[in-house]
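Numbered per full-length UniProt numbering, the sequence shown spans residues 1 to 415.
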Amino acid sequence: MDILSNNTKLTKSNDFKNKIGNLNNFNYKTAFLLSGEHIELPFAELKALLELYTQDNSKKITNSEGLNIQKYIEDNLFCNFSDNAVHNKENPNKSNYVIYDENLSCETLVKIINRAGYVNEAHKILYESEYCEDNDINDLNVLNADNVINNIYELLENMEIPQISGSFAVRVQKLYKSSTLKTMPIERHIGSIISQKMQGNLKVNLKNPDWIVKVMILKDRIYLSLVVSKRDVEYFEHNRPHMRAYFHPGCILPKLARCIVNLSRVNENDVLYDPFCGTGGFLIEAGLLGCKLIGSDIDYQMVNGTKLNLETYDLNDKVICIKQLDANEAKSYINSLEISKVDSMVTDPPYGISTSKKGDMSEIFDKLCLLLKKGGYMSFAAPCIMDLNLELVELYSIKVHKSLTRYIHVYKKLE
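Printed below as a string of structure tokens:
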């Protein structure tokens, strides 16, 4: 099972290059549709993936309102993901459509979406326009909005369309609720124009299209976009912890585990180490991304459970070692494997230890840091804020329930 090659319909096709045609030759800006499940975490994950695949510092990322995401994350380093913060009642979904002011290849977009937990789609922006300056969507000027839609029709009739092939459908998605725009006539009209222009190279298929053309309606802007890649929504639902061969209560859900792995900036074939591997949730996600795996836990039952879970995911070929081990002894043991440094660390220490012996846990983490390569990242969850001898890059909090808040740390080793 390889997420990087099996996670989207587009990459399952053997003629991917034929399908995208000359799309990479068009200088379109890129957009990403985030899941909206948290306020900042999807942005942080996207930022990490863009750094990984484009060597970019993410200063070109803005949301639909023009807010620079890098600055936003820096200004809100201590971010609250409590249940009350998930939905902004005043302006719901205001930041879920993220604009990247560069033309990224389709192959890069597919890689990003295949890896992501909280990034749902990657788009090429064909057209964008403002359509309403009124802050109240209930007072939307219908004629103004209709004029913009008519402009899209006219634009499509005259613009050069990428020579992609396969089937397509048109979808209107409202990220800001409006009762004034009827979506079905827009979808039909745009679909008709595209069919005529492509002269049979693209067939309409509403149920199972190869391509989706989207009209994204925001508070004061409309985007006409081509969906290049879409995340497999079924994977995380069908691979919840209780469905694994070995289960233990308290596991982090796969989607969050995937995100935390991505925050570590680990690349395919890199060595990732989890010193408190538990049932292997982080190792599963990292293994599916093509990483080489080292895991350890002081509890032999957890070690055996991790081995069983990795085997059921067909990830034995990614495993360097899964060992019953006290984390204090990790450095000497891993060095004995002729591995001097690991590329990334991702973990979730046992909460009973980290809450009652915070000082002891910090000491253990400082020892583990010696295993991390220069420039490597350590991302982990803990029920308290941990101060390590590394550079704190990002810190987020997620309220799990009344008595538990998880703090997601991202540390970088500078030297």
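Note that CB positions come from ideal geometry on N, CA and C, so glycine has one too.
All values derive from a computational prediction rather than experimental measurement.
Residue burial classification, residue i (beta-carbon count within 10 angstroms, cutoff 16)
| i | result |
| --- | --- |
| residue 159 | exposed |
| residue 285 | buried |
| residue 18 | exposed |
| residue 245 | exposed |
| residue 185 | exposed |
| residue 200 | exposed |
| residue 243 | exposed |
| residue 385 | exposed |
| residue 247 | exposed |
| residue 406 | buried |
| residue 233 | exposed |
| residue 238 | exposed |
| residue 26 | exposed |
| residue 22 | exposed |
For residue j and residue i, the rounded distance between their alpha carbons
| i | j | result |
| --- | --- | --- |
| residue 40 | residue 346 | 19 Å |
| residue 408 | residue 153 | 46 Å |
| residue 253 | residue 343 | 23 Å |
| residue 328 | residue 414 | 22 Å |
| residue 190 | residue 170 | 7 Å |
| residue 195 | residue 215 | 16 Å |
| residue 236 | residue 256 | 10 Å |
| residue 389 | residue 319 | 29 Å |
| residue 222 | residue 299 | 54 Å |
| residue 174 | residue 48 | 27 Å |
| residue 187 | residue 205 | 12 Å |
| residue 325 | residue 336 | 13 Å |
| residue 331 | residue 165 | 53 Å |
| residue 392 | residue 321 | 29 Å |
| residue 410 | residue 312 | 30 Å |
Coil, strand or helix - residue i by DSSP
| i | result |
| --- | --- |
| residue 231 | coil |
| residue 117 | coil |
| residue 168 | strand |
| residue 380 | strand |
| residue 85 | Residue placement at residue 85 cannot be trusted, given a pLDDT of 28 that sits under 50; the coordinates are not used to answer. |
| residue 32 | strand |
| residue 191 | helix |
| residue 41 | helix |
| residue 223 | strand |
| residue 196 | helix |
| residue 212 | strand |
| residue 105 | coil |
| residue 360 | helix |
| residue 351 | helix |
| residue 153 | helix |
Minimum Cβ-Cβ distance from residue i to chain B less than 8 Å
| i | result |
| --- | --- |
| residue 406 | Note that chain B does not occur in the displayed structure, where there is just one protein chain. |
**Report entry** Validate contact between the segment 205 to 217 and the segment 270 to 289 using beta carbons, cut 8 Å, 3 pairs
**Finding:** Between the segment 205 to 217 and the segment 270 to 289 there are fewer than three C-beta pairs closer than 8 Å, too few to call the two in contact.
Query raised in the report: Touching or not, the segment 257 to 266 and the segment 292 to 299, by the rule of three or more beta carbon pairs under 8 Å?
Result: no
Requested in this report: May I have a chain-ordered list of the beta strand (DSSP E) segments no shorter than 3 residues that lie completely inside the segment 235 to 306?
Outcome: 271 to 274 and 292 to 297
Query - Contact the segment 26 to 41 vs the segment 113 to 125: 3+ CB pairs below 8 Å - result: Enough Cβ pairs lie closer than 8 Å, so yes.
Query raised in the report: How about the segment 106 to 119 and the segment 224 to 233: do they share at least three Cβ pairs that are nearer than 8 Å?
Result: The segment 106 to 119, when compared against the segment 224 to 233, does touch it at the 8 Å Cβ threshold.
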